[in-house]
Amino acid sequence: MTSRDTDDIRRVFETRHTTLERSLSLGEKTLPDMLPLGTQIAFTCNQPRGFAL
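First residue of the sequence shown? That's 11 in this note's numbering, and the numbers climb one at a time after it.
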């Protein structure tokens with residue numbers, strides 16, 4: 011894996027981490043048409059894992 015590949019993967023993880031932080035800061039204050047908070051967190055955490063694979 012090249013340094014550029016590593017940088018790209020790191021960037022994806024960092025953006026998803028930021029998204030997760032924002033979701034957690036909302037707590038239970040999600041909109042009615044959104045998925046449950048736990049599902050949103052799972053999607054946020056699993057997406058970069060899929061990119062890395």
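Beta carbons are placed, not taken as given, at the ideal position from N, Cα and C, and that holds for glycine.
| task | Go ahead and pull the three-state DSSP assignment for T49. | result | helix
| Cα-Cα separation between F23 and D15, rounded to whole angstroms | 12 Å
| task | Using the Cα positions of Q50 and S13, report the straight-line distance between them to the nearest angstrom. | result | 30 Å
| said: Suppose you measure from the CA of L63 to the CA of D17; what does that come to, to the nearest Å? | reply: 15 Å
| said: Once the 5 residues before and after L30 are set aside, which same chain residues still bring their CB inside 8 Å of it? | reply: I51, T54, C55
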